[in-house]
Amino acid sequence: MPFKKGQSGNLKGRSKGVKDQGYLVMVYFAEHKQKLLDKALELVLAGDSQMLICIDQI
610 MPFKKGQSGN LKGRSKGVKD QGYLVMVYFA EHKQKLLDKA LELVLAGDSQ
660 MLICIDQI
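Numbering-wise (my numbering), the sequence shown opens with residue 610 and increments by one.
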């Protein structure tokens, strides 16, 4: 069945309540931000240069 011009291929759309992965990651970071920051600083103080670069980017 070919696509019809001007008509959506998904007429019902996305189901209600379905979240995309970016949103779920954002929620996780919001809930765990202090633990993540503490771990990042611990790694920097231990000499992890890659983590220092990551923190510098923020």
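For glycine and all other residues, C-beta sits at the position ideal for the given N, C-alpha and C.
Going by beta carbon distance, what residues of the same chain come within less than 8 Å of residue i, once the five residues before and after it are set aside?
i, result
"residue 649", "660, 663, 664"
Between which residues of its own chain and residue i is the CB-CB distance below 6 Å, once the five residues before and five after are set aside?
i, result
"residue 653", "660, 661"
"residue 616", "none"
Note down the Cα distance separating residue i from residue j, rounded to an integer number of angstroms.
i, j, result
"residue 620", "residue 614", "13 Å"
"residue 635", "residue 651", "22 Å"
"residue 637", "residue 627", "16 Å"
"residue 645", "residue 655", "15 Å"
"residue 630", "residue 658", "29 Å"
"residue 643", "residue 622", "37 Å"
Please go through the same chain and pick out, in chain order, the residues whose beta-carbon is closer than 7 Å to the beta-carbon of residue i, but skip the five residues on each side of it.
i, result
"residue 632", "none"
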